[in-house]
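S.K.:
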Amino acid sequence: MVQSGVKLSGISRMRGYFNKRKTHQFLAGYLFILPAMAGFIMFMFIPTVAAFIISFFDWNIIAPPIFKGLSNYAALFRDKLFWNAIFVTLQYIVYHIPASLILAFFMAIAMKQEVKGTGFFRTAFVVPWITTPVIISFIWKWILDPNFGAINYFTRTVFHFNIAPLVAADWFPMASIAIINMWIFCGYHMLVFTAGLGNIPQTLYEAATIDSANAVQQITRITIPLMRPTIMFALITSVIGSFQIFDLVFGLYQGGPGDLTRVYYFYIYQNAFMFYKMGYACTMAVILFVILVVCTLVQYLFFQRNMVTDFSS
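According to this note's numbering, the sequence shown is numbered sequentially starting from 20.
1) Would you mind giving the Cβ-Cβ distance between His208 and Leu120, rounded to the nearest angstrom? I have them listed as a contact below 8 Å.
2) List the endpoints of the continuous alpha helix (DSSP H) containing Met61.
3) Thinking just about the alpha-carbon of each residue, which of Ile259, Ile287, His43 and Leu279 is nearest to the one in Val312?
4) In whole angstroms, what is the alpha-carbon distance linking Ala69 and Ser90?
5) Give the secondary structure of Asp230 by DSSP, where H, G and I count as helix, E and B as strand, and everything else as coil.
6) Flag this pair as yes or no: are the beta carbons of Ile241 and Ala253 separated by less than 8 Å?
7) Looking at Thr302 and Val107, is the spacing between their C-beta atoms short of 8 Å?
8) Rounded to whole angstroms, what's the CA-CA distance from Ala104 to Glu225? Just pull it up for me.
9) So what's Ile306 in DSSP terms, helix, strand or just coil?
10) So is Val146 buried or exposed if we call it buried at 16+ other beta carbons inside 10 Å?
11) Quick one: residues in its chain with C-beta nearer than 8 Å to the C-beta of Pro152, no 5 flanking neighbours on either side, listed in chain order?
12) Nearest CA to the CA of Asp164: which residue from Ala187, Ile149, Thr150 and Trp148?
13) Could you give the C-beta distance for Met201 and Ala118, rounded to a whole number, given that I count them as a contact under 8 Å?
14) Would you mind stating whether Leu100 and Tyr299 have Cβ atoms separated by less than 8 Å?
15) For Ile219, which of helix, strand or coil comes out of DSSP?
16) Which term fits Ala304, buried or exposed, when burial requires 16 or more other beta carbons within 10 angstroms of its beta carbon?
17) What did DSSP end up calling Ala243 once you bin it into helix, strand or coil?
18) Inspect the beta-carbon positions of Ile170 and Ile182 and report whether they are closer than 8 Å.
19) Please report the residue range of the alpha helix (DSSP H) in which Thr137 lies.
20) Check Phe167 in the structure and name its three-state DSSP category.
21) Please go through the region 270 to 321 and give each complete alpha helix (DSSP H) segment of 4 or more residues, from N-terminal end onward.
22) Per DSSP, which one or two residues make a beta bridge with Ile155?
23) Report yes if the C-beta distance between Gly88 and Phe96 is below 8 Å; otherwise report no.
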């Protein structure tokens, strides 16, 4: 009986030791994620909840807020500028995302080839992405100037062609923003696609070559199907980023001329800090959140069909 009692006490001490060790590891893990969680709660969660609450009020930032219920939401769907902002943003998405992702995809395939100098070009393509967008907008504003810009000077000198009528076209402002943003983000998407290409086993391409598959067949039958997770990530982040475009619009055109570049995010900014309608701006932010959630779910469900994530077999 004495020996069994000694054994039981020893086991209980060991259990207590391991329980303490588990508790310490548990607390250490939470301490490591505490800074990130504090930043998320302070700068994302609380402002999101506050925006949802403020959307039910009429508030000009200075005077006390006045509760309006759902009147902001009702007024929003009657607002022609709101629908124009959605249309202009969708126009930008059509201009920007397909061309940007397709170009970045083929750039990634080209950079994957073992050719001398690919490291330099890979770095050069990423430089616009790490440059401040406001600086880029001012540089391109000078380049595209119809009177003193570099492009107009070049076309007049070499081709005797004045780009002023082209710049004055209604489609040009949004198209120019899409092209500039494509130049900025192509390098980033190229890196994402390069990482995705690196996960595809080379043996699949070797087997396809033995079966006499050409380059186009290898891309359509091997690369694109196995890149579905990467393409899904790039497309979802591109759509979210496109709905949040602001820097280039503000730096180049400030929503003009007219309403041609008044994208959704810029209209939120105008209502909040130019028209002092913070409740109305928060209502637009809540609707934007819903739009992005729906778009993300639709894209996720579409790409989840027949998605391959394990290439080991």
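From the three backbone atoms N, C-alpha and C, an ideal C-beta is built for every residue, glycine too.
Quantities reported herein were computed from a predicted structural model and do not represent experimental measurements.
M.R.: Well, looking at it:
1) A Cβ-Cβ separation of about 6 Å places His208 in contact with Leu120 under the 8 Å criterion.
2) Element bounds for Met61: n/a, residue is neither H nor E.
3) Checking every option, the nearest Cα to that of Val312 belongs to Ile259.
4) About 18 Å.
5) Of the three classes helix, strand and coil, the one that applies to Asp230 here is coil, per DSSP.
6) The beta carbons of Ile241 and Ala253 sit no closer together than 8 Å.
7) Not a contact, by the Cβ cut-off of 8 Å.
8) One C-alpha to the other measures close to 49 Å.
9) Helix, per DSSP.
10) Exposed, because fewer than 16 other Cβ atoms sit within 10 Å of the Cβ of Val146.
11) Leaving aside the five residues that flank Pro152 on each side, the residues in its chain whose CB is nearer than 8 Å to its CB run, in chain order, Ile203, Asp266, Leu267 and Gly270.
12) If you compare the alpha carbons of Ala187, Ile149, Thr150 and Trp148 with that of Asp164, the shortest gap goes to Ala187.
13) So it is a contact: roughly 6 Å between Cβ atoms.
14) No. Outside cutoff.
15) It is coil, neither helix nor strand.
16) Of the residues assessed, Ala304 falls on the buried side of the cut-off, its CB having 16 or more other CB atoms within 10 angstroms.
17) Note that residue 243 corresponds to Ile in the displayed sequence, not to Ala. Residue state, collapsed to three classes: helix.
18) Against a cut-off of 8 Å, the Cβ pair of Ile182 and Ile170 comes out as a contact.
19) Segment Thr137 to Ile149, the alpha helix (DSSP H) holding Thr137.
20) In the structure shown, Phe167 sits in coil (DSSP, three-state: anything other than H, G, I, E or B).
21) Counting only runs of 4 or more, we get 283 to 292.
22) Looking at the DSSP assignment, Ile155 forms no beta bridge with any residue, so it has no partner.
23) Not in contact: Gly88 and Phe96 (Cβ atoms no closer than 8 Å).
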